[in-house]
Amino acid sequence: MRVLMFGWEFPPHIAGGLGTACKGIVEGLAYNGVETIFVMPKASGDEDQRCTRIINASDVAVAYRCTSDVDEFINMVKFISVDSNIVPYVNPDEYFQAIEKMKREYSTSSTIGFGQKFNFSGKYGANLLEEVSRYAQVAATIAMEHSAEFDLIHAHDWLTYLAGIAAKEITGKPLVVHVHATSFDRGTDDMVDSRVYAIEKRGMEVANRVVTVSDLTRNIVINKYGIDPGKVVTVHNAVDFSGREDMDVHRGVREKVVTFLGRITYQKGPEYFIEAAAKVLKRTSNVRFVMAGSGDMMERAVRQVARLGIADRFHFTGFLKGNDVQRMFALSDVYIMPSVSEPFGISPLEAMRTNVPSIISKQSGAAEVLTYALKVDFWDVDTLADQIYALVTYPALSAFAAREGMAEVNNIKWNNATVKLKEIYQTLL
Amino acid sequence: MSKSICLFFELNQPVRLRSYKFFDIGKDSHYYDPFASRTEVRKMVQRCYLPANAILLDAIRRSNGAVKVAFSMPGTAIEQLERYAPDVMDSFRELAQTGCVEFLCETYFHSISSLISEQEFRHQVEKHRECVASVFGQTPQCFRNTDFIYSNHIGKMVYDMGFNTVLAEGGKHVMGWQSPNWLYRNPVEKGQTLLLRNYSLSDDISLRFSDRSWNEWPLSAEKYVSWIEQAEGDIVNLFMDYETLGHFNPAESGILEFFKSFLARVVENENLEFTTPSEAVRNFKPVAEISIAEPESWLNEERDISDWLGNDLQTEASNKLYSLIENLSVLGRDDLWSDFGALQDADLLYYMSSRFFKKEARMRWNSPYETPYDAFINYMNVLSDLIIRVNNAMNER
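So the protein sequences, as listed, match chains A and B.
Under the working numbering, the residue at position 61 of the first sequence is numbered 63, and the numbers go up by one with no gaps.
Under the working numbering, the residue at position 386 of the second sequence is numbered 431, and the numbers go up by one with no gaps.
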């Protein structure tokens with residue numbers, strides 16, 4: 003079985019979780035005997051190709067004139083310049099850098115014709131929608147050139163759905179779209195970008211199967227996009243911990259450390275974490291809180307902490323990169339993910355893997371697979387505070403949750419998750 | 046000689062803790078949720094206690110006392126019934142007066158103290174014996190422990206307190222090839238007789254009666270009585286939860302009609318008769334010794350004690366609780382003893398069992414908590430408050 007896969011990024015150069023997940027998926031599929039060709043807008047050449055063959059869309063000359071069908075949807079998104087609110091995975095620092103870089107590098111002609119190449123940025127920049135539509139044009143060419151080398155098409159997230167549709171239209175092979183996040187996880191219900199929504203919906207409708215990363219996301223796909231439940235299947239995310247070493251850290255503080263790590267945005271629920279912290283601090287002094295990350299609600303978070311008068315016990319680290327993320331986990335006694343909406347949420351798995359017990363919101367996909375994380379409704383600040391207090395106060399609880407949690411996440415493997423994916427493929431052939 | 050059927054029902058209402066957050070620790074020492082207790086008790090009154098009691102009373106009268114049955118209910122359940130269901134208590138007193146109903150002794154607080162503290166265990170057994178005597182007008186002669194927790198040693202402890210008869214689980218792992226349908230002796234106290242539960246025939250009613258995937262479904266009283274007739278031995282011990290009648294098997298399953306018909310058929314049957322545990326010990330002789338070295342219970346497949354003390358959360362909670370005994374003895378304050386007793390309710394530990402990490406288990410076994418974590422956290426918050434009260438009282442001395 004061979005799959006043509008459209009992604010947007012692939013490690014080592016990644017801005018978010020999508021690339022990491024794609025790598026896990028192609029590796030897991032390889033383990034299960036499924037070959038993949040992985041297409042991405044801009045490959046750097048240092049991607050790990052042991053488990054997949056990578057095609058760099060920037061190297062491909064458009065050799066195919068789009069049919070009217072494909073033109074139709076391409077027209078739909080052509081020439082739209084957008085602001086960055088739709089950007090799903092990027093953090094503010096990288097966003098800023100990306101914009102600057104693009105201003106320097108990017109010059110565009112609005113159409114590409116026969117025999118032309120298109121130099122993708124492969125980022126999540128301001129011309130994202132345009133890149134998405136060009137990606138579809140190039141995808142059509144790639145699909146034609148390699149049509150003998152794959153049995154079906156698999157597209158990851160809305161950025162690649164048009165590419166997936168183009169490939170399907172041209173080759174007639176079945177399409178699977180993989181929903182890692184939806185517009186509803188990026189904005190609030192009344193702040194959804196209608197252009198992105200349209201692409202998502204179209205991708206899901208054209209697809210033969212829609213794979214979602216959690217039942218939570220599956221429900222969104224069914225209810226908010228009106229997709230036939232019969233073709234929407236959940237394949238929970240997994241995580242690859244291979245090659246990760248345990249980190250020895252020196253702790254500077256005696257108190258227990260309770261950590262929030264992620265983008266400080268509405269969806270991640272930072273204000274609930276802060277409120278809970280204030281409640282816990284009223285009862286015990288044996289604890290410190292850390293908010294690691296950056297985001298558009300950062301300033302508001304700092305003001306909230308100041309207003310509550312807990313700044314001596316509540317610390318901000320700013321955006322953490324690379325090893326600092328690991329170090330932060332290693333320094334923590336409790337990890338909190340109070341997300342308002344989280345399609346999956348891999349960070350508690352990483353925390354638990356580092357032997358840190360986690361509290362996660364019931365509104366996260368991870369809650370569906372993590373038996374040994376403590377769970378709470380994101381809005382239920384009293385219970386969240388109660389759970390934090392319990393984990394820092396009752397050693398039997400934290401020891402139990404850490405031990406069982408570590409054993410649990412060590413068993414959430416892509417090799418197992420992709421078995422289900424393979425079964426889905428088989429139903430389409 | 047005809048074969049005897051010993052019918053025994055456990056009636057329990059667990060202690061229900063309110064949602065007790067850490068904010069309350071040291072500030073608010075009201076731990077219980079009377080509204081939930083009242084709601085649950087009244088639900089059972091309607092579904093089970095009143096209709097089943099009426100069936101028993103009627104059957105006893107019709108049969109001129111040939112229908113006999115034994116009950117056990119911990120003091121914590123009796124307290125709740127007195128408070129929320131005096132009608133049911135009246136009905137039980139009426140049953141007690143027929144002379145056909147025997148009330149057994151257990152731990153007052155439905156606790157697992159027999160596994161942890163002999164001092165506390167003895168105290169609770171005495172307290173319960175007095176309670177049953179004053180409420181039902183009969184001093185219990187037979188003992189059965191919380192959820193049939195039993196071992197040779199537990200048998201010995203209650204033997205020392207005057208109980209020559211104990212009801213226990215006849216699980217496969219202790220019985221081996223032997224049948225539970227005879228009386229047995231405790232090898233440590235040879236004067237003590239054991240009645241062992243026939244789990245297969247008991248579970249046919251309590252677990253399988255309304256299970257439509259069971260190949261014997263639907264179970265008629267006629268068929269069931271014929272199974273009992275075919276069983277070898279002197280006595281068939283049918284021990285189950287009282288809630289089996291009308292709750293675990295809902296009224297729509299026909300369980301109450303089945304029960305009524307079952308009682309009538311046994312009375313009519315020349316080869317069968319009902320017996321109370323005390324009568325059984327008078328009528329039959331133990332055939333052999335049976336040694337139960339490790340504590341067993343009637344819970345689940347394993348029939349061991351791992352549902353109360355199977356993980357670190359449970360051992361921690363129970364260690365912290367029972368570590369209070371010494372100070373409580375010094376203080377001798379009724380209010381502290383009473384909360385200490387209530388917190389010993391085995392169900393509170395049971396909710397922390399790892400089995401409840403599975404959603405299906407929660408639906409089936411009816412834990413009020415979503416996960417064992419929630420159960421543990423709530424419990425430890427309450428216990429922390431009690432510990433503070435005990436420590437404060439010690440400091441004041």
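Just so it is clear, CB atoms sit at the ideal spot from N, CA and C, and this is done for glycine as well.
Note that this is a predicted model, so its numbers are computed, not measured.
Sequence-distant residues of the same chain with beta carbon closer than 6 Å to residue i, five excluded per side
{"i": "Met118 of chain B", "result": "Leu56"}
{"i": "Pro340 of chain A", "result": "Gly271, Tyr274, Phe275, Ser363 and Phe380"}
{"i": "Phe42 of chain B", "result": "In this structure chain B extends from 46 to 442, so residue 42 of chain B is not present and cannot be described."}
{"i": "Val177 of chain B", "result": "Phe148 and Pro185"}
{"i": "Ser82 of chain B", "result": "Arg61 and Gln125"}
{"i": "Ala294 of chain B", "result": "A quick correction: the sequence has Asn, not Ala, at residue 294 of chain B. Result list for Asn294 of chain B: Phe254, Ser255 and Ile300, in chain order."}
{"i": "Tyr163 of chain A", "result": "Ala157, Val179, Ile201 and Gly205"}
Residue i (DSSP reduced to helix, strand or coil)
{"i": "Thr219 of chain A", "result": "helix"}
{"i": "Val194 of chain A", "result": "coil"}
{"i": "Leu161 of chain A", "result": "helix"}
{"i": "Asn426 of chain B", "result": "helix"}
{"i": "Gly127 of chain A", "result": "coil"}
{"i": "Ser60 of chain A", "result": "helix"}
{"i": "Val213 of chain A", "result": "strand"}
{"i": "Cys68 of chain A", "result": "Below a pLDDT of 50, predicted positions are generally treated as unreliable, and Cys68 of chain A, at 44, falls in that range; the measurement from the model is reported next regardless. The answer is coil: DSSP assigns Cys68 of chain A none of H, G, I, E or B."}
{"i": "Ile337 of chain B", "result": "coil"}
{"i": "Val411 of chain A", "result": "helix"}
{"i": "Lys29 of chain B", "result": "Here chain B comprises residues numbered 46 to 442, so residue 29 of chain B is not present and cannot be evaluated."}
{"i": "Gly182 of chain B", "result": "coil"}
{"i": "Phe122 of chain A", "result": "coil"}
{"i": "Phe148 of chain B", "result": "strand"}
{"i": "Asp390 of chain B", "result": "strand"}
{"i": "Asn98 of chain B", "result": "helix"}
Element boundaries [beta strand (DSSP E), containing residue i]
{"i": "Ile362 of chain A", "result": "Ser360 to Ser363"}
{"i": "Phe116 of chain B", "result": "Val114 to Ser117"}
{"i": "Ile266 of chain A", "result": "Looking at the DSSP string, Ile266 of chain A is not in any beta strand (DSSP E), and its letter there is neither H nor E."}
{"i": "Cys187 of chain B", "result": "Cys187 to Arg189"}
{"i": "Leu485 of chain B", "result": "The structure shown has nothing for residue 485 of chain B, since chain B only spans 46 to 442."}
{"i": "His155 of chain B", "result": "His155 of chain B -> no beta strand (DSSP E), and no H or E assigned at all."}
{"i": "Ala313 of chain A", "result": "That residue, Ala313 of chain A, is in no beta strand (DSSP E); it is neither H nor E in DSSP."}
{"i": "Glu313 of chain B", "result": "It is not in any beta strand (DSSP E) - Glu313 of chain B instead sits in the alpha helix (DSSP H) that spans Ile300 to Glu313."}
{"i": "Lys377 of chain A", "result": "Leu376 to Val378"}
{"i": "Tyr229 of chain B", "result": "Leu228 to Arg230"}
{"i": "Arg138 of chain B", "result": "Careful: Arg138 of chain B lies outside any beta strand (DSSP E), inside the alpha helix (DSSP H) at Pro131 to Gln142."}
{"i": "Leu423 of chain A", "result": "Where Leu423 of chain A is concerned, there is no enclosing beta strand (DSSP E), although the alpha helix (DSSP H) it sits in stretches over Trp416 to Leu430."}
Reference residue i; option with closest CA among the options
{"i": "Ala391 of chain B", "options": "B:Ser368, B:Ser363 and B:Leu369", "result": "B:Ser363"}
{"i": "Gly30 of chain A", "options": "A:Leu130, A:Thr54, A:Glu49 and A:Met42", "result": "A:Thr54"}
{"i": "Pro350 of chain A", "options": "A:Ile426, A:Gln51 and A:Val241", "result": "A:Val241"}
{"i": "Cys51 of chain B", "options": "B:Asn426, B:Asn328, B:Phe254 and B:Ile335", "result": "B:Asn328"}
{"i": "Phe208 of chain B", "options": "B:Arg189, B:Asn226 and B:Asp279", "result": "B:Arg189"}
{"i": "Asn129 of chain A", "options": "A:Ala150, A:Leu161, A:Ala145 and A:Arg309", "result": "A:Leu161"}
{"i": "Val307 of chain A", "options": "A:Asp298, A:Gly297 and A:Phe318", "result": "A:Phe318"}
{"i": "Ala338 of chain B", "options": "B:Asp132, B:Val180, B:Ser196 and B:Gln142", "result": "B:Ser196"}
{"i": "Asp384 of chain B", "options": "B:Gln237, B:Phe154 and B:Ile100", "result": "B:Phe154"}
{"i": "Val219 of chain B", "options": "B:Gly291, B:Asp349 and B:Leu431", "result": "B:Asp349"}
{"i": "Ser244 of chain A", "options": "A:Tyr137, A:Gly26 and A:Leu310", "result": "A:Gly26"}
{"i": "Val208 of chain A", "options": "A:Ser400, A:Gly18 and A:Gly174", "result": "A:Gly174"}
{"i": "Pro473 of chain A", "options": "A:Arg4, A:Gly324, A:Asp335 and A:Gly367", "result": "Examination of residue 473 of chain A is not possible in this model, given that chain A is present from 3 through 431 alone."}
Limits of the alpha helix (DSSP H) - the one that residue i falls within
{"i": "Pro79 of chain B", "result": "Pro79 to Met89"}
{"i": "Lys201 of chain B", "result": "Asn197 to Asp205"}
{"i": "Val185 of chain A", "result": "In the sequence under discussion, the amino acid at residue 185 of chain A is Ser, which differs from the Val named in the question. From DSSP, the alpha helix (DSSP H) with Ser185 of chain A extends over Ser185 to Arg188."}
{"i": "Glu277 of chain B", "result": "It is not in any alpha helix (DSSP H) - Glu277 of chain B carries neither H nor E in the DSSP assignment."}
{"i": "Ala387 of chain A", "result": "Val383 to Thr395"}
Own chain residues within Cβ distance below 7 Å of residue i, not counting five before or after
{"i": "Val378 of chain A", "result": "Ile361, Ser363, Lys364, Thr385, Leu386 and Gln389"}
{"i": "Asn77 of chain A", "result": "Annotation note: pLDDT 44 at Asn77 of chain A (below 50); position unreliable, no value reported."}
{"i": "Phe67 of chain B", "result": "Asn426"}
Same chain only: Cβ atoms within 8 Å of residue i, ignoring 5 sequence neighbours per side
{"i": "Glu410 of chain A", "result": "Met354, Leu372, Thr373 and Tyr374"}
{"i": "Glu315 of chain B", "result": "Ser47"}
Interface partners of residue i on chain D, CB under 9 Å
{"i": "Lys175 of chain A", "result": "Structure shown: chain D not included; protein chains present are A and B."}
Problem set entry | 3 or more residues per run - each beta strand (DSSP E) lying fully within the stretch 14-47 of chain A | 37-42
Exercise. Counting only runs that start and end within the stretch 236-268 of chain B, where is the alpha helix (DSSP H) found for 4 or more residues in a row?
Worked result: 244-251
For this session: Go through the stretch 284-372 of chain A residue by residue and report every complete run of the alpha helix (DSSP H) that reaches 4 residues or more, in order.
Result: 300-310, 325-332 and 349-355
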